[in-house]
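Residue 10 is where the sequence shown starts when you use our numbering, and the numbers rise one by one after that. Have a look at the structure below, then the notes.
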Amino acid sequence: MTQEIGSSDVDWKTVDQFAEIVGTDGVVSDKDALSVYDSDGYTLEKTVPKVVVLPKSTAQMSAIVKLLHSRGISFVPRGAGTGLSGGCLPVDAPVMIGTSRLNKIIDIDVVNRYVVAESGVVNLWVSNSVRDQGFQYAPDPSSQQACTIGGNLAENSGGPHTLKYGVTTNHVLGLDLVLPDGEVVRLGGNVEDVPGYDLRGITIGAEGTFGIVTQATLKLTRQPQAYRTFLAVFESVHDATQTVSGIISSGIVPAALEMMDTLIIKAVEEAFHFGFPTDAGAVLIIEIDGLASSLDPQTAQIQEVCRQSKAREVRVAADDTERAALWKSRKRAFGAIGRLSPNYCTQDGVVPRTKVPEILQRITDVSHKYDLRIANVFHAGDGNIHPILMYDERDVDETSRVVKAGEEILKACVELGGSLTGEHGIGVEKMGQMPLIFSPEDLIAMTDIRGVFNPRNLCNPNKIIPTPTGCIDVVSPRRQVPL
Numbered sequence: 010m011t012q013e014i015g016s017s018d019v020d021w022k023t024v025d026q027f028a029e030i031v032g033t034d035g036v037v038s039d040k041d042a043l044s045v046y047d048s049d050g051y052t053l054e055k056t057v058p059k060v061v062v063l064p065k066s067t068a069q070m071s072a073i074v075k076l077l078h079s080r081g082i083s084f085v086p087r088g089a090g091t092g093l094s095g096g097c098l099p100v101d102a103p104v105m106i107g108t109s110r111l112n113k114i115i116d117i118d119v120v121n122r123y124v125v126a127e128s129g130v131v132n133l134w135v136s137n138s139v140r141d142q143g144f145q146y147a148p149d150p151s152s153q154q155a156c157t158i159g160g161n162l163a164e165n166s167g168g169p170h171t172l173k174y175g176v177t178t179n180h181v182l183g184l185d186l187v188l189p190d191g192e193v194v195r196l197g198g199n200v201e202d203v204p205g206y207d208l209r210g211i212t213i214g215a216e217g218t219f220g221i222v223t224q225a226t227l228k229l230t231r232q233p234q235a236y237r238t239f240l241a242v243f244e245s246v247h248d249a250t251q252t253v254s255g256i257i258s259s260g261i262v263p264a265a266l267e268m269m270d271t272l273i274i275k276a277v278e279e280a281f282h283f284g285f286p287t288d289a290g291a292v293l294i295i296e297i298d299g300l301a302s303s304l305d306p307q308t309a310q311i312q313e314v315c316r317q318s319k320a321r322e323v324r325v326a327a328d329d330t331e332r333a334a335l336w337k338s339r340k341r342a343f344g345a346i347g348r349l350s351p352n353y354c355t356q357d358g359v360v361p362r363t364k365v366p367e368i369l370q371r372i373t374d375v376s377h378k379y380d381l382r383i384a385n386v387f388h389a390g391d392g393n394i395h396p397i398l399m400y401d402e403r404d405v406d407e408t409s410r411v412v413k414a415g416e417e418i419l420k421a422c423v424e425l426g427g428s429l430t431g432e433h434g435i436g437v438e439k440m441g442q443m444p445l446i447f448s449p450e451d452l453i454a455m456t457d458i459r460g461v462f463n464p465r466n467l468c469n470p471n472k473i474i475p476t477p478t479g480c481i482d483v484v485s486p487r488r489q490v491p492l
């Protein structure tokens with residue numbers, strides 16, 4: 010089980026060799042330029058890499074990784090940096106390998122319903138590339154205008170519409186993976202299933218600890234014939250959560266079922282002026298899709314469930330423009346928090362749907378205990394909560410309280426029968442909580458599996474699995490000095 014952790018540092022000779030492989034424009038070593046790579050969306054912990062390398066092809070990626078392997082130098086992959094758990098933080102890994110220049114869609118095959126895209130392709134580009142032909146790529150993280158396919162695979166990303174359509178792993182047929190020694194392997198294929206062990210499946214969600222994905226074959230689905238999109242307004246979060254249970258128990262599986270509470274509603278309305286009622290306790294965004302003829306009876310059924318749960322108003326989007334405006338408001342809700350607080354930390358726990366009222370009460374209790382403002386916007390349909398803890402990083406005490414509050418929320422999720430993450434991953438943020446759901450034997454087994462792919466632990470070390478040296482004090486972030 011014991012794994013060697015690469016400890017060699019990078020020198021200028023190695024940096025010159027990087028430039029020989031990817032060109033001088035593919036190497037970032039300037040101190041100021043490196044500062045933008047010091048964190049992802051989880052800003053409680055920041056670490057600056059010594060150098061960033063930006064390959065343009067699988068061959069270049071393989072050559073870079075082979076060089077690092079020969080020198081025993083640890084490295085970390087990075088996509089768009091939209092992750093929210095510190096998954097691309099260069100902890101004891103002086104080299105960061107970015108995928109931003111792997112940004113081509115290689116092949117579009119609508120007959121066989123797949124797209125082959127490099128790992129630096131932005132999520133939304135995939136759907137845009139096939140929209141005119143009536144297809145889409147279903148996983149739609151809220152950051153889909155910026156996040157990239159490689160990061161989506163690393164975190165097994167979800168999104169509002171994965172309630173019906175499933176998360177990233179349900180839409181990836183195959184992938185090309187550069188192993189930590191530089192070998193390139195193909196996992197899966199261009200069809201639904203291939204013989205043998207599902208190494209494709211175990212790699213998706215491994216958070217870049219098995220190697221670096223350079224391209225993937227993504228499954229396309231037909232665009233629905235029609236949509237109905239609702240905004241249901243409630244006086245309380247409790248009434249809204251009762252509606253969620255009522256809709257699901259009625260036999261309807263919405264394409265999306267999202268909740269926002271008062272704090273989020275006010276921030277989003279101030280930012281986007283959609284017409285959200287700022288005096289509401291909570292709103293639900295409900296969407297159904299499918300054959301047009303099937304949607305009218307479902308619409309009537311959903312409206313009745315909302316009325317029974319004391320909805321004071323249920324609006325139906327009048328057209329595609331209004332629907333797009335509603336989803337724009339929801340998907341950019343996190344950015345709107347900047348109007349309320351200088352900094353925020355987005356948590357990502359999961360509870361059974363029936364436990365949503367209880368976890369929201371626990372979050373309220375944590376808010377009072379630590380004297381923090383916490384807003385809630387989340388995938389209510391599948392119990393994936395996203396409490397947003399607001400703070401000012403210049404206030405050391407408040408920052409410390411945010412960390413403790415986040416830990417208590419995750420512990421509450423586990424106590425209610427849930428899990429530590431639904432789509433943001435473990436990264437560095439939640440390593441300390443892994444023993445809440447996994448035994449020492451479980452963690453050893455995970456380490457052994459990682460060792461099959463990454464025996465020297467050179468690729469993205471100090472992530473996911475807690476070790477005596479792997480946990481980070483996020484209250485006093487480390488800030489490495491660049492080369």
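Positions of the beta carbon are idealized from the N, C-alpha and C atoms, including for glycine.
>> Checking the sheet assignment: what are the DSSP bridge partners for F447?
In response: Translated into positions along the sequence shown, residue 447 becomes position 438. Paired residue(s): none; F447 is not in a bridge.
>> Once the 5 residues before and after R382 are set aside, which same chain residues still bring their CB inside 6 angstroms of it?
In response: Sequence index remark: in the sequence shown, residue 382 carries index 373 (1-based). Residues of the same chain with a CB within less than 6 angstroms of the CB of R382, apart from the 5 flanking positions on each side, are M399 in chain order.
> Among residues of its own chain, excluding the 5 on either side of D25, which ones have a beta-carbon nearer than 8 angstroms to its beta-carbon?
Replying inline: Position 16 of the sequence shown, counted from the first residue, corresponds to residue 25. None.
> Going by beta carbon distance, what residues of the same chain come within less than 7 angstroms of Q251, once the five residues before and after it are set aside?
Replying inline: Residue mapping note: residue 251 aligns to position 242 of the sequence shown, counting from 1. Here the set comprises S318.
>> For the structure I just gave you, are there three or more beta carbon pairs, one from the segment 184-196 and one from the segment 428-444, closer than 8 angstroms?
In response: By the Cβ rule, the segment 184-196 does not count as touching the segment 428-444, because fewer than three pairs are nearer than 8 angstroms.
> In chain order, what residues of the same chain have a beta carbon less than 6 angstroms from the beta carbon of C315, not counting five sequence neighbours either side?
Replying inline: Working through the sequence shown from its first residue, we reach residue 315 at position 306. So the qualifying residues of the chain are A241, T252 and V323.
> In whole angstroms, what is the alpha-carbon distance linking T373 and V411?
Replying inline: Along the sequence shown, one-based indexing puts residue 373 at 364. Along the sequence shown, one-based indexing puts residue 411 at 402. Spanning the two alpha carbons is a distance of roughly 14 angstroms.
> Three or more C-beta pairs closer than 8 angstroms, one from the segment 259-275 and one from the segment 283-297: is that the case here?
Replying inline: Flag = yes, the segment 259-275 and the segment 283-297 touch.
> Should W21 be labelled buried (16 or more other beta-carbon atoms within 10 Å of its own) or exposed?
Replying inline: What you label residue 21 is simply residue 12 of the sequence shown in a count that begins at 1. Exposed, by the Cβ-count rule.
> Mind checking E450: buried by the 16 CB within 10 Å criterion, or exposed?
Replying inline: Position 441 of the sequence shown, counted from the first residue, corresponds to residue 450. E450 should be labelled exposed.
> Are I213 and N137 close, meaning C-beta to C-beta below 7 angstroms?
Replying inline: For the purposes of this step, residue 213 is taken as residue 204 along the sequence shown, with counting starting at 1. For the purposes of this step, residue 137 is taken as residue 128 along the sequence shown, with counting starting at 1. N137 is positioned such that its CB atom lies no closer than 7 angstroms to that of I213.
> Near I446, what residues of its chain come up, given a Cβ to Cβ distance below 7 angstroms and the 5 sequence neighbours on each side ignored?
Replying inline: Taking the first residue of the sequence shown as 1, we reach residue 446 at position 437. Same-chain partners within the cutoff: V423, S428 and L429.
> Where in the segment 405-469 do unbroken runs of the alpha helix (DSSP H), each at least 4 residues long, occur, reported from the N-terminal end onward?
Replying inline: Qualifying alpha helix (DSSP H) stretches, in chain order: 405-424 and 449-462.
>> Given this structure, state the Cα-to-Cα distance separating K540 from M443, to the nearest angstrom.
In response: This structure leaves residue 540 out entirely; the chain is present only between 10 and 492.
>> Quick check on DSSP: helix, strand or coil for N3?
In response: Because the chain in this structure spans residues 10 to 492, residue 3 falls outside the shown range and cannot be described.
>> Assuming the contact rule is C-beta atoms closer than 8 angstroms, P64 and I106 should be a hit. Round their C-beta distance to whole Å, please.
In response: Looking up residue 64 in the sequence shown gives position 55. Looking up residue 106 in the sequence shown gives position 97. With a beta-carbon spacing of about 7 angstroms, P64 and I106 fall inside the 8 angstroms limit used to define contacts.
> Are V124 and V131 close, meaning C-beta to C-beta below 7 angstroms?
Replying inline: Within the sequence shown, residue 124 is the residue found at index 115, counting from 1. Within the sequence shown, residue 131 is the residue found at index 122, counting from 1. In this structure, V131 does not lie closer than 7 angstroms to V124 by Cβ.
>> Could you check whether G220 and C468 sit closer than 7 angstroms to each other, using their CB atoms as the reference points?
In response: Taking the first residue of the sequence shown as 1, we reach residue 468 at position 459. Taking the first residue of the sequence shown as 1, we reach residue 220 at position 211. Yes, Cβ-Cβ distance for C468 and G220 is below 7 angstroms.
> When the Cα atoms are used, what is the spatial distance from D47 to E279?
Replying inline: The count along the sequence shown starts at 1 and reaches residue 47 at position 38. The count along the sequence shown starts at 1 and reaches residue 279 at position 270. About 30 angstroms.
> By DSSP, does R110 sit in helix, in strand, or in coil?
Replying inline: To locate residue 110, count along the sequence shown from 1; it is residue 101. Coil.
> Mind checking R488: buried by the 16 CB within 10 Å criterion, or exposed?
Replying inline: Translated into the one-based positions of the sequence shown, residue 488 becomes position 479. Residue confidence for R488 is low, a pLDDT of 35 falling below 50, so the modelled location carries little weight; the figure read from the coordinates is stated next. Exposed, since its Cβ has fewer than 16 Cβ neighbours within 10 Å.
>> Classify P150: buried if its beta carbon has 16 or more other beta carbons within 10 angstroms, exposed otherwise.
In response: As a working mapping, residue 150 is identified with position 141 in the sequence shown. Around the beta carbon of P150, 16 or more other beta carbons lie within 10 angstroms, which makes this residue buried.
> How many Å lie between E407 and I211 at the Cα?
Replying inline: Stepping through the sequence shown from its first residue, residue 407 is reached at position 398. Stepping through the sequence shown from its first residue, residue 211 is reached at position 202. Going from the Cα of E407 to the Cα of I211 covers about 38 angstroms.
> Nearest-angstrom Cα distance between F285 and Q234?
Replying inline: Locating residue 285 in the sequence shown gives position 276, counting from the first residue. Locating residue 234 in the sequence shown gives position 225, counting from the first residue. Pairing F285 with Q234, the inter-Cα distance amounts to about 27 angstroms.
>> Could you give the first and the last residue of the continuous alpha helix (DSSP H) run that contains L304?
In response: By 1-based counting over the sequence shown, the position of residue 304 is 295. A301 to Q317 is the span of the alpha helix (DSSP H), which, as asked, contains L304.
> Are there 16 or more other CB atoms within 10 angstroms of the CB of F27, so buried, or fewer, so exposed?
Replying inline: Residue numbering aside, residue 27 sits at position 18 when the sequence shown is read from its first letter. Label assigned to F27: buried.
> What's the call for T11, buried or exposed, on a 16-neighbour Cβ count within 10 Å?
Replying inline: Your numbering for residue 11 matches position 2 in the sequence shown. Model confidence at T11 stands at a pLDDT of 41, short of 50, so the residue's coordinates are unreliable and nothing is read from them.
>> My output table needs one value for F243: the three-state DSSP class, helix, strand or coil.
In response: Counting from one through the sequence shown, the residue named residue 243 turns up at place 234. Three-state DSSP puts F243 in a strand.
> I295 to P464, Cα distance in whole Å?
Replying inline: Along the sequence shown, read from residue 1 onward, the residue named residue 295 stands at position 286. Along the sequence shown, read from residue 1 onward, the residue named residue 464 stands at position 455. If you take the alpha carbons of I295 and P464, they lie about 46 angstroms apart.
>> Using the Cβ count rule (16 or more neighbours within 10 Å means buried), how would you classify T223?
In response: In the sequence shown, residue 223 corresponds to position 214, counting from 1. Per the 10 Å Cβ criterion, buried.
>> Judging by CA-CA distance, which residue of R140, P99 and P103 is the nearest neighbour of T23?
In response: In the sequence shown, residue 23 corresponds to position 14, counting from 1. Considering only alpha carbons, the answer is P103.
> CA-CA distance, S83 and Q232?
Replying inline: Along the sequence shown, one-based indexing puts residue 83 at 74. Along the sequence shown, one-based indexing puts residue 232 at 223. Whole-angstrom Cα-Cα distance: 43 angstroms.
>> To the nearest angstrom, how far is the alpha carbon of G88 from that of G390?
In response: For this step, residue 88 is matched to residue 79 along the sequence shown. For this step, residue 390 is matched to residue 381 along the sequence shown. Their Cα atoms are separated by approximately 28 angstroms.
> Just how far apart, CA to CA, sit D305 and P263?
Replying inline: By 1-based counting over the sequence shown, the position of residue 305 is 296. By 1-based counting over the sequence shown, the position of residue 263 is 254. Inter-residue distance for D305 and P263 is about 14 angstroms (C-alpha atoms, whole angstroms).
>> Measuring straight from C-alpha to C-alpha, what distance separates A326 and A333?
In response: Translated into the one-based positions of the sequence shown, residue 326 becomes position 317. Translated into the one-based positions of the sequence shown, residue 333 becomes position 324. Roughly 9 angstroms separates the two Cα atoms.
> Given that a residue counts as buried once 16 or more other Cβ atoms are within 10 Å of its Cβ, and exposed if not, what is I158?
Replying inline: For the purposes of this step, residue 158 is identified with residue 149 of the sequence shown, where counting begins at 1. By the 10 Å Cβ count, I158 comes out buried.
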